[in-house]
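As structure tokens, the structure follows; a few thoughts come after it.
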Amino acid sequence: MDIPVSVSLQPGMSVVSLLADTFGMPQGVPVGLRRSLRAVCPAYLSDAAATLTSTGSFHVPPLLWMGGDADGESIRRETQRIAETAPEALVSEIGRMYGGNVPLMWRKVVAGPSAFLLAYAAMAREVWETLSRIWQRSKPLLEREIGRIGVASVTGQWGRFSRG
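Heads up: the sequence shown runs through residues 493 to 656, numbered per the working numbering.
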């Protein structure tokens, strides 16, 4: 059986994961980094983050996902896109996620989607500003790993490579 393999750098998804960890959903982030991320995020943002982490799982509407690249400019564009998202689009997506039965923790967002979008975008920008230096330093290592994965997949060695 052939398994399609695709590898890309998606720093925006690491921003989402760091947001989860910073505000209550452990993702393995070192304590020092978690503390520094909390310190750079203004207190009012924790209210927005609480919505995302209050159930013990991290359900983020797809329109809040970010991909981006390690140069950082695309992350800034994506956070701007989120800030400028039509509030009704977020409300609609939340409704779709939960089959029209919006859970209690999302009702505050549904009641004030504009404020949530702005807070989420601000939170993501703050986290990215802290994280971007790490991505820049690690980019050569990540690119080397992508190359190794590519070679393994086209030479038929993927099975051996994926097992360690």
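Using N, Cα and C, we set each Cβ at its ideal position, and we do this for glycine too.
Around the CB of A531, fewer than 16 other CB atoms lie within 10 Å, so the residue is classed as exposed. Closest in alpha carbon position to H551, among P496, P522, R527, W598, is W598. Distance from the CA of V643 to the CA of Q502, rounded to the nearest whole angstrom, comes to 20 angstroms. Out of Q649, S645, I638, V594, the CA that lies nearest to the CA of S500 is found in I638.
Look at Q628 here: in three-state DSSP terms it is helix. Taken through DSSP and simplified to helix, strand or coil, Y612 comes out as helix. When the alpha-carbon of G516 is set against those of S498, T545, P522, M505, the nearest one is in T545. Rounded to whole angstroms, S566 and S498 show a C-alpha spacing of 20 angstroms.
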